[in-house]
Structures are given as structure tokens and as C-alpha cells.
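According to the UniProt record's numbering, the stretch in the sequence shown is residues 1 to 289, in order. The next block holds one structure in the form of C-alpha cells; read it before the comments.
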Amino acid sequence: MGDSITSGLTDSKSSLSAYGWLAGEQLDVEHTQVAFSGICLVEQCHSSTDVGMSTQFFKEKTVLFSDSPDWDFQRYQVSEVVINLGTNDNANTSDAHFQSVYTSFLQNIRQKYPNAAILVLQNLLGEWIPQTQAAVQALNDAGDSNVFYIDTSNWLVYQSSDYNDGAHPSDSGHAKIAQQLVPVLNAHLPGSGTPTPTSTPTATPTSTPTSTPTSTPTATPTSTPVVTWTKCADEGGTCTFGGMHQVRYGANGTYNYQTATGSIDCNNATFGDPTPGVFKECDVASSDT
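Okay, structure coming up:
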């Protein structure tokens, strides 16, 4: 599960060229991608209406449906849960709050999937590493030995062809992530023995993981259509639109992304500064994402 990175934003085939899909197909298993562009781990990370994955994961429908019922986790159980979050939690979130929410999130996932291996990926951009490690350690210290922190430090090279825009992996970048992830997944499958994957693995396997679902359990991935972008405000202005949309902020092909309802301020305080010293603009996605 994750955000726009996991959903394949900016890739040639969206979620079908993202690392989760590629890894599942390489392993020839049932798999589901649960991802939403711009989503944070925590609630209200950029505005009072933002819904975090810590809540949304347990719902049947996307964040566009505020009245969504809870997902029925008794419909089926999974072997593995892979989490890649934190890229968008860059405003209004303290270190302590992020760590606390992540710890509770992992505990809640464990309640729903008592036997699944939970694999927590280090944020690919190197954000929230101590807090993420501490959340995993909290569950380990409480006796849950089936939760693992996966070090992704050397999986991609920043500011290279591994990325399309400095934040979102390219098709080749996603292929590299999948290549590293497949042996990690295989090591934690039922019957594979006792794994210890806290560093970059190198084997290439075959077998059966599954990512966690919040929708129908099929090999068809969730969300992220190909979108086009329309300028909605210059830096310092306010971008307004109807409903919930993804908005990007930046210049020269480098952007930070948020999801908002109705409007969002187009400034560094809201998005962070993706291109220091360069005048930026906001663009709104052509469709709900």
C-alpha cells in the first residue's frame, strides 16, 4: 500500500508499471495495490479535510466517499502486507505524531491480519526513517516478530533515470524496486523459513505474496488513471476546483503533490519547496485521483 509512488503516477501504464504490480506478476501470485496519489499516513496532514491511510486503509471505498463502510477483513486473509508511506507527510506533522500514528497503524493492521508478515519499506526519499524504524521496533518489543523494517537505501539513485520528476520513479526505477522487493517477499512467504530481511536482498524467487486490499481481491490493481494537468494558480495564489483533486506545485518538471477538496493555497508552506529560488505554479489534475 502507499501513495502516488505505489500507484505509479507519471509512469507509462500507471499502476500496471508500478513496483507492486511488477513484483506480484513476477511471483505469479494474487496481489492488490492499495494506493492513492497525495495521501499521507496521518490525518489532516495538509488540511482539516485530509484523510490519512491510517484511516483509509480500513475502508471499503476511496477517500472520495466520506460515508464509506469499513472493509470486511474476514472476506479473506493475506500472507503479506507491504507498506510504503510518508512521502506526503511533510507539513503539520511532528516526528512524535508520525511515529505514534505509524505504531498504531501497524497494531491495527495486525488485528486485521493476525498471521501476515508486515513489511515496512523505508521511505524511498529517506524521510521519517527513525520514526518508521521506531514504529516497527515498538511492535517487535511487544512480542510481534512478524513485522519487519526493510532498508531501501540503495534501491534507487536519486536525480537519475530512476526517477521521472525527482519524486516519482520511472518505469525503469519501478522495475529496479520490484527486482529488490521480490526476494524480500519470497523470504516471508509461508513455508519459506525464518527470514531476516533488513538489508538489500539479492536472490530472485517464485511463490505467493499478497499486498493488503481494501477492495475486490483480484489481480487488477486499484486507482490512478492517467491524468493531465491544468494550471490553476501561480505561487502565492489559491487553486480552486470542484470536489477532491490532486494538485501539483513546482516548476521545470519538478513537483510536490497534494490532494485537496475545493481549494488549496499554492505556496511553499502548503507543499514544501520542490524548486528553491524558482517561481512556481499549481496545476490541478484533470480528473479525481
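For each residue, glycine too, the CB sits at the ideal point set by N, CA and C. None of these values were measured; they are calculated from a predicted model.
State buried or exposed for Ser-48, treating a residue as buried only when at least 16 other CB atoms are found within 10 Å of its CB. exposed
Can you tell me the Cα-Cα spacing of Tyr-257 and Phe-271, whole angstroms? 7 Å
Closest by C-alpha distance to Asn-154, when choosing among Val-136, Gln-122, Val-147, Thr-103: Gln-122
Minimum length 3: unbroken beta strand (DSSP E) runs contained in the stretch 98-125: 117-121
Considering just the uninterrupted stretch of the beta strand (DSSP E) at Ile-39, what are its terminal residues? Unbroken run through Ile-39: none, as it is neither H nor E.
Using the beta-carbon count (16 or more within 10 Å), is Ser-199 buried or exposed? Residue confidence for Ser-199 is low, a pLDDT of 42 falling below 50, so the modelled location carries little weight; the figure read from the coordinates is stated next. Burial call: exposed.
Under the rule that 16 or more other beta-carbon atoms within 10 Å means buried, what is Gln-77, buried or exposed? exposed
Using a threshold of 9 Å, state whether the C-beta atoms of Gly-86 and Glu-127 are closer than that. yes
If you compare alpha carbons, which of Val-63, Phe-58, Ser-160, Ala-135 is closest to Asp-95? Ala-135
Assign Arg-75 to one of two classes, buried (16 or more other C-beta atoms within 10 Å of its C-beta) or exposed (fewer than that). exposed
Cβ-Cβ distance between Gln-246 and Gly-8 below 9 Å: no
Of the listed residues Ala-91, Gln-107, Leu-125, Gln-179, nearest to Phe-57 (C-alpha basis): Gln-107
Candidates Cys-282, Asn-164, Asp-3, of which the one nearest Val-63 by Cα: Asp-3
CB-CB under 6 Å to Asp-273, same chain, minus the five flanking residues each way: which ones, in chain order? none
Please report how far the alpha carbon of His-31 lies from the alpha carbon of Gly-52, in whole angstroms. 22 Å
Would you check if the distance between the CB atom of Asp-28 and the CB atom of Ala-18 is smaller than 9 Å? no
Spatially closest choice to Leu-156 from Ser-263, Leu-139, His-174, Lys-280, by CA coordinates: His-174
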